[in-house]
Structures are given as C-alpha cells and as structure tokens.
Amino acid sequence: MRHVIALDVGGTGMKAALVGADGALLHEARRATGREHGADAVVRNILDFAADLRRVGEERFGVPAEAAGVAVPGIIDAEHGIAVFAANLGWRDVPLRQLLSERLGAPVALGHDVRTGGLAEGRLGAGRGADRFLFLALGTGIAGAIGIDGRVEPGAHGSAGEIGHIVVRPDGPPCGCGQRGCLERLASASAVTEAWAAASGDPDADAADCAKAVESGDPRAVAVWQQAVGALADGLVTALTLLDPRTLIIGGGLAEAGETLFLPLRAAVDERITFQPRPGIVPAALGDTAGCLGAGLLAWDLLAAEGDLESLPTARPGTDPRQSTEVST
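For the sequence shown, position 312 (counting from the first letter as 1) is numbered 312 according to the UniProt record's numbering, and the numbering increases by one without interruption.
(1) Put Val327 into one of helix, strand or coil per three-state DSSP.
(2) Under 8 Å Cβ to Cβ from Ala199, same chain only, skipping five residues before and after it: list those, please.
(3) To the nearest angstrom, report how far apart Gly90 and Asp270 are at their CA atoms.
(4) Give me the Cα-Cα distance between Leu303 and Ala67, rounded to the nearest whole angstrom.
(5) Nearest CA to the CA of Met14: which residue from Arg60, Ala71 and Ala21?
(6) Once you ignore the five residues that flank Gly92 on each side, which residues in its own chain have a CB closer than 6 Å to its CB?
(7) Quick check on the burial criterion: 16 or more other C-beta atoms within 10 angstroms. Buried or exposed for Leu53?
(8) So Ala228 and Ala191 are supposed to be a Cβ contact under 8 Å. How far apart are they, rounded?
(9) Would you tell me roughly how many angstroms separate the C-alpha atoms of Ala32 and Gln276, rounded to the nearest one?
(10) In the DSSP assignment, the beta strand (DSSP E) including Ala239 goes from what residue to what residue?
(11) According to DSSP, what are the bridge partners of Lys212?
(12) Which of the three DSSP states is assigned to Asp8 in this structure?
(13) Could you give the DSSP three-state label for Thr247: helix, strand or coil?
(14) Going by DSSP, which residues form a beta bridge with Cys182?
(15) For Ala39, which option in Asp22, Glu58 and Pro95 has the closest C-alpha, if you only look at C-alpha atoms?
(16) State the Cα-Cα distance for the pair Gly252 and His27, rounded to the nearest angstrom.
(17) Considering only C-alpha positions, which residue in the set Arg185, Val168 and Arg169 is nearest to Gly176?
(18) Just to confirm the assignment, what range does the alpha helix (DSSP H) spanning Ile46 have?
(19) How would you label Pro317, buried or exposed, when you count the other beta carbons within 10 angstroms and need 16 or more for buried?
(20) Based on the DSSP secondary-structure assignment, which residues constitute the bridge partners of Met1?
(21) Can you tell me where the alpha helix (DSSP H) with Pro264 in it begins and where it stops?
(22) Cutting at 6 Å between CB atoms, please list the residues of its own chain near Thr140, excluding the five before and the five after it.
(23) Beta-carbon of Leu18 versus every beta-carbon of chain B: anything under 8 Å?
(24) Taking the straight line between their C-alpha atoms, what separation do you get for Val108 and Val4?
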C-alpha cells in the first residue's frame, strides 16, 4: 500500500502518522518532544520517530514510505528545508529536510504547523470544496493560513497568514513582536485566559472556564468574552477586506467553545462589514489530526510535483480522513 510519513511537531509533543494516497490515517503514534533535554535532543527524537515509522510501514505494508512531510512551529524556510527559529523548541537554522531525507532515504517536505493544518482543513476538512479559504488557529497565539485552489499561500518570505499581529487596538497591551494591541494579545486563548484570571480573581482560571461562565451568564465573563470577540471581529474584517475568502475556518483551543464563540462572532462581523460579502464562518473539522493530515498532504504534493503521483490526494467521498486503521501511543 502506498503511503507517506507525516510528523506534526509541537512544543511538548509530536503526533505522527502513516498517510495513504486518499488522505486516510493508516497508523498513528505520539511521543514527547523532549525539549527539556535541549534542541539537539528534539532533533534526534524527530529523526528517531520518523525512522520508527518507516519500519512500521515496511512491516505492515511491505513497502517503505515514499516520502515524508513534517510540520514545525516557528519560522521556517520551506524552500530550503530549514527550521529557522522556534522559541519553544530552542532551535535555530536546523536543516531538518536534509537530516530527515538522509535518515529515511526519501524526499521530505517541510511546512509551518498552522499553514499545514490549514492545508488539511481546506482540502479534507471544513473548507473542502472552497476555492478560497482563510484558516485561523486561536491558541496560545493566533496564526492563519490563506488557501487558494487547494493550496496554502506561503508568501514571498514564508510568513503569509500572520494575522495575529494585525494591530486592532493601537493603545492596547504590548506584544512580543514589538507592537501594541496585536490581535493575539486580545483574542487568543491565552489572552482570554489572562483576562478572565484577572477578572475572576482565580489565577488558575483559563479560557475554557471563561466560556463556561459566559454560558452561565456571569457578567464578568460576558464582558471579557465580548472584548475578545470584538477584537477578533475587527481583525477578521480586515482580513476579509484584503483576501475575500469564501470560507473562514476557525480552530484552536478557543474554538472549542463552539456556538458560545461562533454566534456572537458572526453577529460582530455582520455589524462591521459594509460592502464585504461575509464568508461562511465555520469551526475546524479535523481537530488535532489536522497537522498530521496536512503533513501527509505536503508529502503527497511533493511526490506529485516530482512526477511520482498522477493526482493529489483527496478524501474518498463519505469517508472521514481522521479515521485510522490503528493507533499506537
């Protein structure tokens, strides 16, 4: 069975899979990133994990993986396969594509974690069938992926989609990027957590607790939530004006609040738009499998670009690409 290796590297854990030509997860596994042991240890763990997956594929399907895709956080140079910088992994200028290719004996594609997850959502998930989409991940920060005709736009310098650093409140709190009032300082899950911990007086309260308090009608929580939703709507209207997507897909931790987020967000966007058509505003569909699925798509796309695949993979009609034949932990 033809398959590729997919790796989704996070700050604390790695998710990996063997992905079939139809986008289905054939085998899944997870491991700790091991960042507490330093950047070199993280790289070794990635290489060892990929090699183990290659062995699994050979044993179960009789053939090795034809390629690999890896999604990593931080700044990347996808063209040259370099993981340029990731603060939470402690690395700089890691030639990850070369290292993995040498270890696996197969071609390797490198992608940014959010853009890779957006690729999966656009092609296999909530944006399936949309010619233009914008994917937003509302997590510790906010980042986006601009989808055009089934592909994600990297930008001229590999940083397209950094919507979290649109300034929506010029007099707002300082951001690590050097600006003030960036969207992610006001509407990310971490921003809501910070605001709700202060408003509630509970230092352990988080964004999920705030959402529950909103649902119960707590006026303090409603005020925090409205501020975050208003800032998010302001950022989205800017993005809609520039990009005119057909579908807006929202994922990440804050999106787990469901309609507690989406109902007021749709209303807030409607209040702000004038001439701009409002796209469908929908929750992400693939959950935490999006990164692995997207990394697999990167690998299949690489094979297609090299002439080793006649067509790009899409999910089979009526199937859920999140389903795997086996899960390993």
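C-beta: ideal position from N, C-alpha, C; glycine also.
Nothing here was measured: the structure is a model prediction, and the numbers come from that model.
Well, looking at it:
(1) Residue mapping note: residue 327 aligns to position 327 of the sequence shown, counting from 1. Model confidence at Val327 stands at a pLDDT of 40, short of 50, so the residue's coordinates are unreliable and nothing is read from them.
(2) Against the sequence shown, residue 199 aligns to sequence position 199. So the list reads Arg220, Ala221, Ala223 and Val224, once near-sequence residues are dropped.
(3) In the sequence shown, residue 90 corresponds to position 90, counting from 1. In the sequence shown, residue 270 corresponds to position 270, counting from 1. Computed Cα separation, rounded: 42 Å.
(4) Numbered from its first residue, the sequence shown carries residue 303 at position 303. Numbered from its first residue, the sequence shown carries residue 67 at position 67. Near 7 Å, if we compare the C-alpha coordinates of Ala67 and Leu303.
(5) Within the sequence shown, residue 14 is the residue found at index 14, counting from 1. When each option's Cα is compared against that of Met14, the closest is Ala71.
(6) To locate residue 92, count along the sequence shown from 1; it is residue 92. Sequence check: residue 92 is Arg here, not Gly. So the qualifying residues of the chain are Phe85.
(7) Residue mapping note: residue 53 aligns to position 53 of the sequence shown, counting from 1. Flag for Leu53 reads buried.
(8) Residue 228 sits at position 228 when you count from the first residue of the sequence shown. Residue 191 sits at position 191 when you count from the first residue of the sequence shown. With a contact defined as Cβ atoms closer than 8 Å, Ala228 and Ala191 qualify at about 7 Å.
(9) Here residue 32 refers to the residue found at position 32 when the sequence shown is read from its first residue. Here residue 276 refers to the residue found at position 276 when the sequence shown is read from its first residue. The alpha-carbon atoms of Ala32 and Gln276 are separated by roughly 44 Å.
(10) Stepping through the sequence shown from its first residue, residue 239 is reached at position 239. Ala239 -> not in any beta strand (DSSP E); alpha helix (DSSP H) instead, spanning Pro219 to Leu243.
(11) For the purposes of this step, residue 212 is taken as residue 212 along the sequence shown, with counting starting at 1. BP columns for Lys212 are empty, so no partner.
(12) On the sequence shown, residue 8 is found 8 positions in, with the first residue counted as 1. Residue state, collapsed to three classes: strand.
(13) The count along the sequence shown starts at 1 and reaches residue 247 at position 247. Here DSSP, grouped into helix, strand and coil, assigns Thr247 to strand.
(14) Translated into the one-based positions of the sequence shown, residue 182 becomes position 182. The partner list for Cys182 (beta bridge, DSSP) reads Val167.
(15) The sequence position of residue 39 within the sequence shown is 39, counting from 1. Of Asp22, Glu58 and Pro95, the residue nearest in Cα terms is Pro95.
(16) If you number the sequence shown from 1, residue 252 lands on position 252. If you number the sequence shown from 1, residue 27 lands on position 27. The alpha-carbon separation between Gly252 and His27 amounts to approximately 23 Å.
(17) Within the sequence shown, residue 176 is the residue found at index 176, counting from 1. The residue with the shortest Cα to Cα distance from Gly176 is Arg185.
(18) Here residue 46 corresponds to residue number 46 of the sequence shown, with the count starting at 1. Counting along the chain, the alpha helix (DSSP H) containing Ile46 begins and ends at Ala39 to Phe61.
(19) Taking the sequence shown and counting its residues from 1, the one referred to as residue 317 is at position 317. Low local confidence applies: a pLDDT of 35 at Pro317 is under 50, so the model's placement there is unreliable, with the coordinate-based value given in what follows. Exposed, since its Cβ has fewer than 16 Cβ neighbours within 10 Å.
(20) Taking the first residue of the sequence shown as position 1, residue 1 is located at position 1. None, per the DSSP bridge assignment.
(21) Position 264 of the sequence shown holds residue 264. That run of the alpha helix (DSSP H) goes Glu259 to Arg272.
(22) Taking the sequence shown and counting its residues from 1, the one referred to as residue 140 is at position 140. Cβ within range, chain order: Ser190.
(23) Absence of chain B from the displayed structure is noted, only one protein chain being present.
(24) Within the sequence shown, the letter at position 108 stands for residue 108. Within the sequence shown, the letter at position 4 stands for residue 4. Their backbone Cα atoms lie some 10 Å apart in a straight line.
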